[in-house]
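Quick note on numbering: the sequence shown equals residues 333 to 521 in the numbering used here.
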Amino acid sequence: MKEQLNMSIFLAKKILGLIFAGLLLLQGCTAMAKDDVLKLSTHTIGLACYNGVTNAKLKYGGQVERICFTWTGPEKLPKDVNKVPGILSGSFKTFASPMEMTWRARDGSELSHTVDLNKEIPDPRVSYEFPERVFAQKPFLGDPVVIVEFDDRTINIYFAATLLVRPLDPASREPDHADTYTLVYSRTL
């Protein structure tokens with residue numbers, strides 16, 4: 333009797349797993365058909381400064397963000413590549429306004445640059461190699477991040493996002509996470 337109960341529970345779990353996998357597969361097909369799943373509509377901002385930058389300031393979406401005002405940006409190390417800053421701010425409509433940036437480079441030069449990402453990136457999307465795996469209902473875990481990096485005389489802007497994707501293991505009940513980090517703009521002054 334106990335063996336039959338254990339077998340019934342085992343089979344019920346397997347059947348539920350297959351049903352869930354089928355639903356994920358169908359949901360993934362919806363993601364393929366929906367062209368704008370990875371399009372940015374809102375985002376947060378993260379700032380980073382490296383290689384001697386001081387006094388960095390960003391005006392964007394009605395806010396002013398500062399970094400490296402009381403310290404000098406460190407050398408950029410391999411561990412800093414594809415790193416999302418620990419402090420993020422705001423929740424902005426993509427792209428809320430032009431980005432106005434000012435900063436002091438390593439040699440002491442006062443630099444400024446303005447970029448309108450609406451003109452530079454008219455169709456802002458998160459880049460991901462397997463878009464058919466992305467959950468159409470809720471593609472992002474948290475808000476995507478637009479990272480503005482001050483690197484001596486260079487401005488780099490990245491999109492970073494954690495995507496919720498269908499697991500490769502059909503028996504898995506939990507979605508997988510895929511981290512993306514893409515350079516979308518760079519300018520050296």
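Note that the Cβ used here is the ideal one computed from N, Cα and C, for glycine as well.
Just so we're clear, the structure is a prediction, and the values are computed from it rather than from any experiment.
- In this chain, the alpha helix (DSSP H) harbouring Asn450 covers 449 to 452.
- When C-alpha distances from Val480 are compared across Ile489, Leu473, Asp511, Val516, the shortest belongs to Ile489.
- For Arg398, the enclosing beta strand (DSSP E) stretches over residues 395 to 399.
- As a beta-bridge residue in DSSP terms, Thr514 pairs with Phe491.
- For Arg465, the three-state secondary structure derived from DSSP is helix.
- Nearest in C-alpha terms to Ser423, of all of Leu495, Arg498, His375, Pro454, is His375.
- For Arg457, same chain residues with a beta-carbon under 6 Å away, outside a window of 5 residues either side, are Leu370, Lys371 in chain order.
- Below 8 Å, too few C-beta pairs join the stretch 491 to 501 and the stretch 426 to 438 to call them touching: fewer than three.
- Taken in chain order, the whole beta strand (DSSP E) runs of length 3 or more contained in the stretch 376 to 449 are 386 to 392, 395 to 399, 420 to 425, 431 to 436, 442 to 447.
- Per DSSP, the continuous beta strand (DSSP E) segment holding Asp483 begins and ends at 477 to 483.
- Across the structure, Ser459 and Thr514 are spaced so that their CA atoms are roughly 7 Å apart.
- The C-alpha of Gln469 lies about 15 Å from the C-alpha of His509.
- Contact between the stretch 499 to 507 and the stretch 407 to 416 is absent: fewer than 3 CB-CB pairs across the two stretches fall below 8 Å.
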